[in-house]
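Residue numbers for the sequence shown follow the numbering used here, beginning at 172 and rising by one.
Note that the Cβ used here is the ideal one computed from N, Cα and C, for glycine as well.
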Amino acid sequence: MASAQEGSVKQAPVFGAVILSLLLAGCAGAGKDKDMSPVSTIDEARALWQSQGVKGYEVTIEQTCFCPPDLLQPMRVTVREGRVIDIEGLEQPLNHPDILDERRLTIEGLLELVEQARGSADKLLVEYDPHYGFPASLEVDYSPFIADDEFSYRLTDFQAY
172 MASAQEGSVK
182 QAPVFGAVIL
192 SLLLAGCAGA
202 GKDKDMSPVS
212 TIDEARALWQ
222 SQGVKGYEVT
232 IEQTCFCPPD
242 LLQPMRVTVR
252 EGRVIDIEGL
262 EQPLNHPDIL
272 DERRLTIEGL
282 LELVEQARGS
292 ADKLLVEYDP
302 HYGFPASLEV
312 DYSPFIADDE
322 FSYRLTDFQA
332 Y
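So this is what it looks like as structure tokens:
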């Protein structure tokens, strides 16, 4: 019997080491979640976006607005140095690209739009990307009494260069 007890005593440190390593691994993972804390204000979003130092990117943008149907489809937008250099309709050709407000197709432009709407819109809903800080979804309605003044944007498939 003494040898059975000795065997379990020798295994206890190994078992304890396994438990300790699992606990430490769990704590290490918790730090990563903290880095991805939600962005809740325009100031936090702008600071996070600027800290990333992104010079060029591609993003898929879907907008809803009172506009021609070809502009209501997902569009792949390429931006370099803050300027739109390409817009591609992902479901059909863009027949009215000249009426697109290209400022609203850039991250900086959308952040500026949020800043302006913050003081004047009746409804402003924004969800920011937790890694880059850009508005991943944005809904604006300036007046509940005016039809067709509301619009929204949804940004997906963001790729920075």
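Within the continuous beta strand (DSSP E) that includes residue i, where are the two ends?
{"i": "LEU295", "result": "294–299"}
{"i": "ARG254", "result": "254–260"}
{"i": "ALA307", "result": "306–312"}
Rounded to a whole number of angstroms, what is the C-alpha to C-alpha distance between residue i and residue j?
{"i": "LEU309", "j": "HIS267", "result": "22 Å"}
{"i": "ALA307", "j": "ILE278", "result": "10 Å"}
{"i": "ASP293", "j": "GLU321", "result": "10 Å"}
{"i": "VAL311", "j": "ASP328", "result": "22 Å"}
{"i": "GLU229", "j": "TYR303", "result": "13 Å"}
{"i": "ILE232", "j": "ASP300", "result": "14 Å"}
{"i": "PHE316", "j": "TYR332", "result": "42 Å"}
{"i": "TYR324", "j": "LEU265", "result": "17 Å"}
{"i": "SER192", "j": "LEU284", "result": "Unreliable placement is indicated for SER192, whose pLDDT of 42 sits below 50; no coordinate value is reported for it."}
{"i": "ARG274", "j": "VAL225", "result": "17 Å"}
{"i": "SER211", "j": "GLN234", "result": "22 Å"}
{"i": "LYS203", "j": "ALA318", "result": "Because LYS203 sits at a pLDDT of 38, beneath the cut-off of 50, its placement in the model cannot be relied upon, and the following sentence gives the value as read from the coordinates. Computed Cα separation, rounded: 44 Å."}
{"i": "LEU296", "j": "ARG251", "result": "27 Å"}
Under DSSP, the alpha helix (DSSP H) around residue i begins and ends at which residues?
{"i": "ILE213", "result": "213–223"}
Can you give me the Cβ contacts of residue i inside the same chain, cut-off strictly under 6 Å, excluding the 5 residues immediately before and after it?
{"i": "CYS236", "result": "PHE322"}
{"i": "ILE213", "result": "VAL285 and GLU286"}
{"i": "LEU326", "result": "VAL230, ILE232 and ALA307"}
For residue i, collect the residues of the same chain with a Cβ closer than 7 Å to its Cβ; drop the 5 residues on either side in sequence, then sort them by chain order.
{"i": "TYR313", "result": "SER291, ALA292, ASP293 and ASP320"}
{"i": "ARG254", "result": "none"}
For residue i, which residues of its own chain have a beta-carbon under 8 Å away from its beta-carbon, when the five flanking residues on both sides are left out?
{"i": "GLN330", "result": "TYR228, GLU229 and VAL230"}
{"i": "ILE270", "result": "CYS238, PRO239 and LEU242"}
{"i": "PHE186", "result": "No answer about PHE186 holds up, because its pLDDT of 42 lies below 50 and its placement is not dependable."}
{"i": "PRO209", "result": "TYR299 and PRO301"}
{"i": "LEU276", "result": "ILE232, MET246, VAL248, VAL250, VAL255 and ILE258"}
Provide the residue(s) that pair with residue i in DSSP beta bridges, ordered along the chain.
{"i": "GLU233", "result": "ARG325"}
{"i": "VAL250", "result": "TYR228 and VAL255"}
{"i": "ALA331", "result": "TYR228"}
Stretch pair the region 246–263 + the region 282–292: three plus CB contacts closer than 8 Å: no
Inter-stretch contact (C-beta, 8 Å, three-pair minimum) for the region 217–224 and the region 238–257: no
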